[in-house]
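Written below as structure tokens is the structure these notes are about.
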Amino acid sequence: MRDEPGASSSVLSALDGFATSNNVLSVCAALALVALAMFMFRPLDRHLRQQSDLLEEVEVAEAIDSRRQRFGTQLHEALEMAENEKGIGRVVEHVMGTELVGYQAELLLADSSEAHLSRTVVHPREGAAGCEVAMPFECPAVKRATAQAFESSSAVNACPHLRDRPGEARSALCVPVAFMGRSLGVLHVAGPDGCPPGDMETDRVTVLAGQVGSAIGTVRAFAKAQLQASTDGLTGLLNRRSGEDQISRRLGDDEPCSIVMADLDHFKLLNDTYGHDAGDRALRLFAETVRRSLRADDIFARWGGEEFVIAMPRTDASAATEILERVRIVLAETCERAETPSVTASFGVTDTTMGRYLADLLRLADGALQTAKAQGRNRVRTAVLVSASG
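The opening residue of the sequence shown carries number 3 in my numbering; numbering runs sequentially from there.
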């Protein structure tokens with residue numbers, strides 16, 4: 003049986019239509035899958051981008067923190083190696099030069115009375131920031147115990163010490179320097195008007211101020227402890243142990259030196275008559291009177307009670323006697339002006355022509371002192387070296 007031509011064409015057309023329908027369905031399905039994928043994965047993509055941004059922020063923060071810790075560690079090590087305030091100042095100057103590029107900077111520190119500020123360090127290239135604050139608690143940063151930033155010296159709320167400066171307007175950062183709650187000074191940084199130090203510079207200055215305060219406070223506390231251990235609390239003179247050490251070292255220099263022993267006359271009677279306060283005043287007055295008559299490199303120590311020892315380098319017994327005679331006169335005049343009970347002293351003098359060792363010289367000076375007392379007190383006598391044959 004033969005196929006009808008019309009029937010064959012119909013079948014082919016039907017097949018073509020079916021194929022076309024399938025293609026359309028496939029395309030539609032593919033588009034639907036793409037749309038579904040986009041719908042499903044878009045939040046994931048957004049989440050991944052957010053996580054990537056967050057990770058980048060964390061890495062940046064960690065890098066900044068790492069640099070900050072490294073700076074703090076290096077600064078701490080540098081300050082630990084500084085032996086005194088001058089050494090600390092050199093560290094501060096170096097940090098100013100490397101970390102505060104384009105800014106003027108200065109370190110103002112209080113003196114021992116903690117009542118006056120003075121400029122101790124300035125930026126090695128940019129120079130001082132020019133703050134003229136004279137006392138610690140005139141500084142807003144010190145009064146508030148926290149860093150103070152001022153965008154413009156022309157602003158109504160600018161620091162008065164910044165606003166009153168001559169010249170064009172400027173910005174400033176002031177960070178207090180303290181130790182155990184006690185104000186030591188302030189770190190002052192100045193920049194262009196409207197451009198105070200940025201976050202990094204502010205952080206560096208804050209770290210610097212904190213560590214410098216600890217370093218200076220420690221150095222001063224140690225120096226004070228050393229001073230207290232080496233000096234007499236009443237007169238401020240060297241105590242006996244420190245006096246012996248310094249005089250013995252000076253005698254080792256092989257240069258002429260006079261040794262003097264001094265004793266306040268009738269000191270027990272003064273105490274019994276006028277009281278111990280009067281006795282203490284007499285000791286202080288004698289110490290100050292003698293100290294004003296001595297040179298900077300002379301050694302003056304309280305030996306105990308009312309006894310004192312003086313060493314005069316490059317001075318023989320004759321020259322020392324002349325100095326002590328003037329001291330007696332000045333002491334009498336001082337007592338008269340001060341309207342205090344009369345204070346006199348006796349002195350015994352020797353020098354290194356009579357002995358080499360401190361113990362021998364002190365024995366000779368004490369012998370001369372006893373002679374002065376035996377002859378009526380309030381006088382100066384020189385030791386006489388008695389030969390073995392005599």
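The C-beta atom is built at its ideal place from N, Cα and C for all residues, glycine as well.
- As far as DSSP is concerned, residue 268 takes part in no beta bridge.
- Closest by C-alpha distance to residue 377, out of 350, 354 and 86, is 350.
- Counting only runs of 4+ residues, the alpha helix (DSSP H) found wholly inside the stretch 79–137 occupies 87–101, in chain order.
- Assignment of alpha helix (DSSP H) within the stretch 204–253, counting only whole runs of 4 or more residues, yields 242–253 in chain order.
- Residue 59 has its alpha-carbon roughly 21 Å from the corresponding atom of residue 206.
- Ranked by how close their Cα comes to the Cα of residue 79, the residues 134, 68, 35 and 210 have 210 in first place.
- The secondary-structure analysis by DSSP pairs residue 351 across a beta bridge with 262 and 384.
- Using a C-beta cut-off of 8 Å, the stretch 212–219 makes contact with the stretch 179–187, since at least three inter-stretch Cβ pairs fall below that distance.
- Residue 239 and residue 220 have their C-alpha atoms spaced approximately 24 Å apart.
- Burial check for residue 314: the Cβ neighbour count within 10 Å reaches 16 or more, so the residue is buried.
- No Cβ-Cβ contact shorter than 9 Å links residue 305 with residue 357.
- In the DSSP annotation of this structure, the continuous segment of the alpha helix (DSSP H) that includes residue 329 starts and ends at 319–340.
- Assignment of residue 30 by DSSP, reduced to helix, strand and coil, places it in the helix class.
- Cβ contact annotation for residue 345 (same chain, cutoff 7 Å, sequence separation greater than five): 266, 284, 287, 288, 333 and 337, in chain order.
- Taking all protein chains in view, the Cβ of residue 152 is crowded by 16 or more other Cβ atoms within 10 Å, so the residue is classified as buried.
- Taking the Cα positions, residue 33 is about 34 Å away from residue 56.
- Residue 149 has its alpha-carbon roughly 14 Å from the corresponding atom of residue 160.
- Using a 10 angstroms sphere on the CB of residue 139, the tally of other CB atoms stays under 16, which defines it as exposed.
- Residue 227 and residue 317 have their alpha carbons spaced roughly 33 Å apart.
- The Cβ atoms of residue 295 and residue 328 lie closer than 9 Å to each other.
- Three or more beta-carbon pairs drawn from the stretch 123–135 and the stretch 84–99 are found closer than 8 Å, and the two stretches are therefore classed as touching.
- Residues of the same chain with a CB within less than 7 Å of the CB of residue 86, apart from the 5 flanking positions on each side, are 221 in chain order.
- Pairing residue 325 with residue 248 gives a Cβ-Cβ distance that is not under 9 Å.
- Closest in C-alpha terms to residue 115, from the list 107, 232, 137 and 363, comes 137.
- The beta carbon of residue 68 sits closer than 6 Å to no other beta carbon from its chain once the five residues preceding and following it are set aside.
- In the three-state reduction of the DSSP assignment, residue 59 falls in the helix class, which pools H, G and I.
- Distance from the CA of residue 84 to the CA of residue 308, rounded to the nearest whole angstrom, comes to 40 Å.
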